[in-house]
Amino acid sequence: MLITFSNNYTVRLIKKNPDRCKDLSEICQKILNTILYSCIKEFDLDVCDAFTINVAMKCLRNVPNLTRLKITLEQDFAPLPLDDKISYLKNLRKLEFPIYCTNMTLEMLSIYCKGLNFLDIHESDQVDDNCVNSIILLQNLVFLNIQECRVSDSTYRVILQKLPRLRNISWYSEIDDVIKEYSTDYYKRIEIANVRISKPRILIERLYNLIELDITYYYDSSQSNINLSCLAELEQLKIFRVTALDPVQSGLNIFLEHSGHKLKIFEMNSITNVFFSVILVNCSNLESLYLRFCDIIDEIVVKREMEPHFLNLEKLQLFFVSYCGKFYSFVYFYRNLKVFQAGFINQIDDEFVNVTLRYQGFRNLEEFVVEHGKIKEAVQELIYSCPNLKLLGEFGYPDFPEINLMPIKNIIQRENMALKLLIRGEVWSS
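When the letters of the sequence shown are read in order and numbered with this note's numbering, they come out as residues 384 to 813.
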């Protein structure tokens with residue numbers, strides 16, 4: 384087991400397959416108990432081995448200043464003994480505990496963690512309508528995610544009504560019936576929504592102060608009654624995520640033409656018939672763009688007079704994206720790009736990197752991570768051309784020769800670079 388600490392006293396437990404679990408467990412607990420418990424403010428547990436769970440659970444009762452706890456484990460894991468530790472976590476402000484939260488967990492939180500303001504327990508099938516009294520006692524909640532729990536629409540409606548500080552709505556059932564019964568003034572406090580809807584106009588009528596909107600599922604798969612163009616009336620909207628629709632039939636392109644310039648973050652997932660030129664022309668102030676499982680169908684023609692549209696983008700993520708043209712034909716215009724992440728795209732190769740660098744792209748990069756790409760010879764060019772680079776890695780593609788990392792490591796050590804390599808999930812630094 385490896386325990387690492389950052390400057391803000393965050394502790395993360397990571398599995399390292401120890402041979403002597405009992406001895407190592409005792410050593411870890413003694414170290415923590417002696418010098419570190421009082422410093423720990425945040426605790427992340429996201430691995431699935433019994434040893435780490437055992438150490439982590441024993442730690443919790445001795446961490447009085449803990450303000451954030453994140454436990455994200457895979458399904459089919461044995462129930463966690465968390466409930467009897469909650470009484471020691473009176474300073475807890477943020478809890479992320481999906482899948483394994485229970486009604487009893489919520490009851491304990493309502494007794495001992497009155498200051499809790501962030502609670503994410505999605506997919507916890509042991510949380511049902513009986514949780515309502517416990518949740519509404521958490522009056523300081525600003526964020527609540529109980530999606531895909533066993534909570535009914537009527538119970539969720541009561542929860543929304545009884546938590547006056549809540550700023551988000553996260554609901555995978557159709558949200559229309561949940562929010563239509565109350566006045567528009569009641570919902571003016573809601574700024575974040577992750578919802579499934581059948582009639583987008585209800586968002587305009589009820590949630591008119593939305594800053595962040597995530598539309599994930601739709602009521603009618605034919606999309607005949609979905610018209611997103613009306614979302615242009617959401618004047619405060621800055622972050623927009625959308626999944627599984629046709630941009631033309633759904634009116635998404637019309638929305639972008641009217642309101643794309645207001646967006647700071649735009650994410651598209653499982654979208655067909657993407658006209659990327661619509662994004663380039665209209666989303667001129669984007670700071671982050673994310674495309675996953677998308678098909679770009681138009682042939683992008685980038686003109687120099689469009690260059691101001693690319694100056695704000697700092698983060699670009701492309702995964703499983705198909706495009707008949709060349710990605711560097713528009714990527715190199717993003718001169719201020721700091722983070723580039725991509726995966727499972729054949730065209731992300733040496734040519735892509737070299738041409739982008741030739742046109743002065745990537746010069747401000749701080750992170751370049753490509754999963755299952757075909758980059759090999761261009762890695763050294765990236766290192767020398769991007770002086771701000773801090774993280775580089777995840778190379779490799781099935782049936783493609785693996786890159787020899789030794790010359791790269793030698794360069795980093797010889798030049799004394801503050802550059803880390805990410806290889807197969809492991810971080811290497813000199």
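By construction, the Cβ of each residue, glycine as well, lies at the ideal position given by its N, Cα and C atoms.
- Put simply, of Ile519, Ser507 and Phe480 the residue whose alpha carbon is nearest the alpha carbon of Arg540 is Ile519.
- The C-beta of Arg589 has 16 or more other C-beta atoms within 10 Å across all chains shown, which makes the residue buried.
- Burial is judged here by how many other beta carbons sit within 10 angstroms of a residue's own beta carbon; Gln544 has fewer than 16 and is exposed.
- The shortest C-alpha to C-alpha distance from Val631 to any of His644, Phe658 and Leu646 is the one to Phe658.
- It is roughly 6 Å from the alpha-carbon of Asp512 to the alpha-carbon of Thr538.
- Looking at the DSSP output, Gln509 shares a beta bridge with Thr485.
- Asn652 places its beta carbon less than 9 Å from that of Thr626.
- Annotation for Glu750: Val722 and Leu774 place their beta carbon closer than 6 Å to its own, counting only its chain and skipping 5 residues before and after.
- Measuring C-alpha to C-alpha distances from Leu663 to each of Tyr717, Pro770 and Ser470 identifies Tyr717 as the nearest.
- A direct Cα-to-Cα measurement between Asp536 and Thr488 gives close to 21 Å.
- Arg533 is bridged by DSSP to Asp511.
- When DSSP reads this structure, Lys757 sits in a beta bridge with Asp732.
- Annotated as distal: Phe676 and Glu754, with beta-carbon spacing of 9 Å or more.
- Apart from sequence neighbours up to five positions away, the residues of its chain that approach Asn523 with a beta-carbon distance below 8 Å are Lys497, Gly498, Leu499, Asn500 and Arg548, ordered along the chain.
- Sixteen is the threshold: since fewer than 16 other Cβ atoms of the shown chains lie within 10 Å of the Cβ of Ile494, the residue is exposed.
- Excluding five sequence positions before and after Lys473, the CB atoms of its chain that fall closer than 7 Å to its own CB belong to Tyr495 and Cys496, given in chain order.
- Beyond the five residues adjoining it in sequence on each side, Leu635 comes within less than 6 Å, by CB distance, of Leu611 in the same chain, given in chain order.
- One alpha carbon belongs to Ser517, the other to Ile558, and they sit about 23 Å apart.
- With a minimum length of 4 residues, the unbroken runs of alpha helix (DSSP H) contained wholly in the region 618-678 fall at 635-642 and 659-665.
- Following the DSSP letters along the chain, one finds Val714 inside the alpha helix (DSSP H) bounded by residues Tyr711 to Val714.
- Straight-line spacing of the CA atoms in Tyr471 and Ser553 works out to 29 Å.
- Here Thr655 has Asp629 and Asp678 as same chain residues with Cβ atoms under 7 Å from its own Cβ, once five neighbours each way along the sequence are excluded.
- Looking at the DSSP output, Ile594 bridges to nothing.
- The C-beta of Tyr767 has fewer than 16 other C-beta atoms within 10 Å across all chains shown, which makes the residue exposed.
- For Arg579, the enclosing beta strand (DSSP E) starts and ends at Ile575 to Ile580.
- Comparing C-alpha distances from Gly726 to each of Asp733, Glu777 and Lys468 shows the shortest one belongs to Glu777.
- When the beta-carbon positions are compared, Ile794 and Gly756 stay at least 9 Å from each other.
- Counting C-beta atoms within 10 angstroms of its own C-beta, Met789 has fewer than 16 neighbours from the protein chains shown and is therefore classed as exposed.
- Residue pairing by DSSP places Asp503 opposite Glu479 and Asn528 in a beta bridge.
- Annotation for Gln724: the continuous beta strand (DSSP E) segment containing it runs Val722 to Gly726.
- For the options Leu699, Asp560 and Cys769, the alpha carbon positioned closest to that of Asn747 is the one of Cys769.
- With 16 or more other Cβ atoms inside 10 Å of its own Cβ, Tyr711 counts as buried.
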